[in-house]
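Take a look at the structure below.
In this note's numbering, the protein residues as written are 1 to 122.
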């Protein structure tokens, strides 16, 4: 099975390439643990994107209400620019603000996992 494109992320990439799901969850937890967010590793492979989106967006929504500075720090840690969020907001019109942030986190973390896999020659 070939690897998905790094430049064009689709949520279906996660369910199509379930072999990378564990690496994705590990990467997300690595970057979000310092902010008190831990993603459950018991995720159904068929609905992985939806579960990750829900779990991360709930945490982002909570942080936006209680400590929005942490959300800014998360975006910096994960390496998501304001421009990327604005573009995602235009593309994802049916998503709430926390869901847009969560989608952007999933997308960026998936790219990190893919890059690692490409450079390892897998």
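Beta carbons are placed, not taken as given, at the ideal position from N, Cα and C, and that holds for glycine. Note that this is a predicted model, so its numbers are computed, not measured.
If only uninterrupted alpha helix (DSSP H) runs of at least 4 residues are considered, those enclosed by the region 16-100 are 21-32, 48-66, 68-78 and 82-91. Straight-line measurement puts the Cα of residue 63 at about 15 Å from the Cα of residue 53.
Out of 68, 73, 77 and 103, the CA that lies nearest to the CA of residue 85 is found in 103. Cβ-Cβ distances below 8 Å link residue 79 to 108 in the same chain, with the five nearest sequence neighbours on each side left out; the list follows chain order.
Using a C-beta cut-off of 8 Å, the region 89-96 makes no contact with the region 64-78, since fewer than three inter-stretch Cβ pairs fall below that distance. Sorting 46, 37 and 29 by C-alpha distance to the C-alpha of residue 70 places 37 at the top.
The closest CA to that of residue 26, considering only 13, 18, 81 and 41, is found on 41. By a beta-carbon distance limit of 8 Å, residue 106 does not contact residue 89. Their separation comes to about 15 Å. When DSSP states are grouped into helix, strand and coil, residue 10 belongs to the coil group. Of the other Cβ atoms in all chains shown, fewer than 16 fall within 10 Å of the Cβ of residue 33; this residue is therefore exposed.
Within the same chain, Cβ atoms closer than 8 Å to the Cβ of residue 14 are found at 20, 21, 24, 48, 49, 52, 106 and 110, the five residues on either side in sequence being excluded.
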